[in-house]
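One structure is given here, and the rest of the page talks about it.
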Amino acid sequence: MKIAIASGKGGTGKTTIATSLAHTLAKEEKTNVLFLDCDVEEPNGHLFLRPVLESREEVSVPIPVVNEGKCTYCGRCAEVCQYHAIAVVGKKVLVFREICHGCGSCALNCPVEAIAERPHPIGVIEWGRSGEIAFAHGILNVGEPMASPIIRHLKKRFLKGDFTGVAILDAPPGTSCPVVETLEGTDFALLVTEPTPFGLHDLELAVQVARELSLPIGVVINRDGIGDEGVERFCQENAIPVLMRIPFQREIAEAYATGKTLVEAFPEYRERFKTLFSQIASILQARAEISGERR
Ligand code: SF4
Ligand code: SF4
């Protein structure tokens, strides 16, 4: 089972939920848990899970290099590039490395094979163990604009077809490409929000993304008690289950600041995380039964 923990904006407590769920499942339920920190621009899962990192691998994207001696300046490469990362201007081919996704389409379509590819390092992935939890995260190099290839690499490396157990993917904040990259291919989107107008606005966007990917959704309301009823109302009107509420408490913020998972600081939360997981499992089972009946 692959559960993505996402939120429309940063600072909602996404990592608090992701790390405590991983902790509870691995330690209390003896489940085979893989924690993937896909927030590669600002990974922080390691601060709470404190893994022993054993291995590291560089991640590169193939950037096109044009052989001007062979090029006929036909413009085909620019036509096929959906990211507008290559342009032909008179007798010059310009490659905009910062927006090139390394998809290889230009090289494949060049009629005279004038494009070669050069690997350009954009970051690393690191992995190891945090006790019973298998842990991996990606780190995007400073100044590199594209997080998605690192997330893709992480998922490809650790979520192979033979993966069994529960994978918890801590998604980047927001609703842009790296979030879509994280959510794609998972089984469930657990959206963490706070009950404020900002929280609601970003939750609406996150729900939209998850629905476009046809993912079942559940919501966790963090800092319950502040703000207003907008998030509750939105969830009711859209038949989105609120699976957990965490009250706004100074002690929780203090534990977070010292790098403790919620369940380490407040062991009474373990039962609640177990319940959270069984609710997710029930939703997935019900969904599987419905799709089985339809077939
Ligand atoms: S497709 Fe090949 S030949 Fe045509 S402009 Fe691009 S690099 Fe040059
Ligand atoms: S590799 Fe892909 S994204 Fe990069 S320039 Fe070529 S077609 Fe565009």
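In my numbering, the protein residues as written are 6 to 300. No residue lacks a Cβ here, since even glycine has one placed at the ideal position from N, Cα and C.
When DSSP states are grouped into helix, strand and coil, P202 belongs to the helix group. For C105, the CB contacts under 6 Å within the same chain, skipping 5 residues up- and downstream, are I68, A90 in chain order. Buried is the label assigned to R228, since at least 16 other Cβ atoms lie within 10 Å of its Cβ.
Contact between the segment 260 to 268 and the segment 49 to 63 is present: 3 or more CB-CB pairs across the two stretches fall below 8 Å. Residue burial is scored here from C-beta neighbours: E199 has at least 16 other C-beta atoms within 10 angstroms and is therefore classed as buried. The criterion of a C-beta distance shorter than 7 Å is not satisfied by C86 and C115.
When P178, G107, E276 are compared, the shortest CA-CA separation from L30 is found for E276. Burial state of D233 is exposed, judged by a 10 Å Cβ sphere holding fewer than 16 other Cβ atoms.
When the five nearest sequence neighbours on each side are left out, the beta carbons in the same chain lying within less than 7 Å of the beta carbon of G230 are those of P252, F253, in order along the chain. Per the DSSP secondary-structure output, F140 pairs in a beta bridge with F40, G133. A check of alpha carbon separations from C240 across S181, P272, T266, G204 identifies G204 as the nearest. With a threshold of 16 other beta carbon atoms within 10 Å, T169 falls short and is exposed. Residue pairing by DSSP places R250 opposite I226 in a beta bridge. Judged by DSSP secondary structure, A270 falls within the alpha helix (DSSP H) whose first and last residues are 267 to 270.
In the same chain as T77, and ignoring 5 residues on each side of it, the C-beta atoms closer than 8 Å to its own belong to P116, V117, A119, in chain order. The beta carbons of I138 and T187 sit about 18 Å from each other, so the pair does not count as a contact at 8 Å. Distance between L289 and F193, taken at the CA atoms: about 8 Å. Taking every protein chain shown into account, the CB of D167 has fewer than 16 other CB atoms within 10 angstroms, so this residue is exposed. Per DSSP, the unbroken alpha helix (DSSP H) holding L52 starts and ends at 50 to 54. With a cutoff of 7 Å on beta-carbon distance, M249 and V212 are scored as not near each other. A straight line joining the alpha-carbon of E294 with that of Q284 spans about 15 Å. In this structure, the beta-carbon distance from A176 to C43 falls below 7 Å. Collapsing the DSSP output to three states places F101 in coil.
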